[in-house]
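Participant: I have a structure here, written as structure tokens, and I will follow up with some questions on it.
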């Protein structure tokens, strides 16, 4: 038997396991980069609650001392001021967005066309960060009918769904957000595109077809 016949095959190279990277649940950066964002305080709270074993690695007295040990007192003071300024700006922006949402209104309108035919328009969802095209697609699939994003008389975008489905759409929005006010994650499977709407700010109205002699 030749040497070639008895030669063992080369070992199979094992794939290198994927590197597991932890991302902050607040700013979405890895924890070591949270300090460069605008929400360091909330990032620290998240890490301490979600990964208490890693918190000392980044924010213990020893870790902080090692981090700033190479900085001059002037540089440390400047860094602290910049971080505080970023956080204050981010908090002010978040507060303004929250107030805007609370003041915004979603109007679901049942509109009568001719011969007892109806369409349903939904206006104001964009104020809550809803993607109108995705929401229209969801309504079209749910009701097996036409649904599209159009400009209304005021020049703003709204969703128009064929058929009288005003109450059903209200119920979908309610179901998608029913747990949000209680601190839960909120939302049901398939309704995620409607998450974020304050249900107390949703109204159903009716617009009847004007008679020809009016």
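In our numbering, the protein residues as written are 299 to 512.
For every residue, glycine included, the Cβ atom is placed at its ideal position computed from N, Cα and C.
(1) Is DSSP giving residue 340 helix, strand or coil here?
(2) At a cut of 8 Å, does the region 453-468 reach the region 423-442 through at least three beta carbon pairs?
(3) Got a sec? Which residues, its chain only, sit under 6 Å from residue 463 by beta carbon, not counting five neighbours each side?
(4) Alpha carbon to alpha carbon, how far is residue 475 from residue 497? Give it in angstroms, no decimals.
(5) What does a CB cutoff of less than 7 Å around residue 340 pick up in its chain, not counting 5 residues either side in sequence?
(6) Whose C-beta lies closer than 7 Å to the C-beta of residue 332 among residues of the same chain, with five residues either side of it excluded?
(7) From which residue to which residue does the alpha helix (DSSP H) around residue 471 run?
(8) State the CB to CB distance for the pair residue 403 and residue 501, rounded to an integer number of angstroms; the pair is presumed to be in contact (CB under 8 Å).
(9) With distance defined between alpha-carbon atoms, name the residue in 467, 310, 436 nearest to residue 406.
(10) Residue 455 bridges to which residues according to DSSP?
(11) In whole angstroms, give me the CA-to-CA distance for residue 361 and residue 352.
(12) Using only alpha-carbon positions, find the residue among 448, 428, 451 that is nearest to residue 471.
(13) Output the boundary residues of the alpha helix (DSSP H) element that contains residue 546.
(14) Go ahead and label residue 483 buried or exposed: buried means 16 or more other beta carbons lie within 10 angstroms of its beta carbon, across all protein chains shown.
(15) DSSP beta-bridge partners for residue 404?
Facilitator: The answer reads as follows:
(1) The residue given as residue 340 occupies position 42 in the chain shown. Residue 340 falls in the helix class under three-state DSSP.
(2) yes
(3) For the purposes of this step, residue 463 is identified with residue 165 of the chain shown, where counting begins at 1. Excluding sequence neighbours, residue 463 sits near 418, 441.
(4) Counted from its first residue, the chain shown places residue 497 at position 199. Counted from its first residue, the chain shown places residue 475 at position 177. C-alpha separation (whole angstroms): 7 Å.
(5) As a first step, residue 340 is located in the chain shown; it is residue number 42 there, counting from the start. Cβ within range, chain order: 324.
(6) Taking the first residue of the chain shown as 1, we reach residue 332 at position 34. Once the five neighbours on either side are set aside, the close Cβ partners of residue 332 are 322, 325, 338, 341.
(7) As a first step, residue 471 is located in the chain shown; it is residue number 173 there, counting from the start. 464-475 is the extent of the alpha helix (DSSP H) around residue 471.
(8) As a first step, residue 403 is located in the chain shown; it is residue number 105 there, counting from the start. As a first step, residue 501 is located in the chain shown; it is residue number 203 there, counting from the start. Confirmed, Cβ separation roughly 7 Å.
(9) Working through the chain shown from its first residue, we reach residue 406 at position 108. Out of 467, 310, 436, 467 has the C-alpha closest to the C-alpha of residue 406.
(10) As a working mapping, residue 455 is identified with position 157 in the chain shown. Answer is 449.
(11) The residue you call residue 361 lines up with position 63 of the chain shown. The residue you call residue 352 lines up with position 54 of the chain shown. In a straight line, the C-alpha of residue 361 is about 11 Å away from that of residue 352.
(12) As a first step, residue 471 must be located in the chain shown, where it is residue number 173. Comparing Cα positions, the closest option is 428.
(13) Because the chain here runs from 299 to 512, residue 546 falls outside it and cannot be looked at.
(14) As a position in the chain shown, residue 483 is number 185, starting the count at 1. With a pLDDT of 45 at residue 483, under the threshold of 50, the predicted position of this residue should be treated as unreliable, though the coordinate-derived value follows. So residue 483 ends up on the exposed side.
(15) Start at 1 with the first residue of the chain shown, and residue 404 comes out as number 106. According to DSSP, residue 404 bridges with 500.
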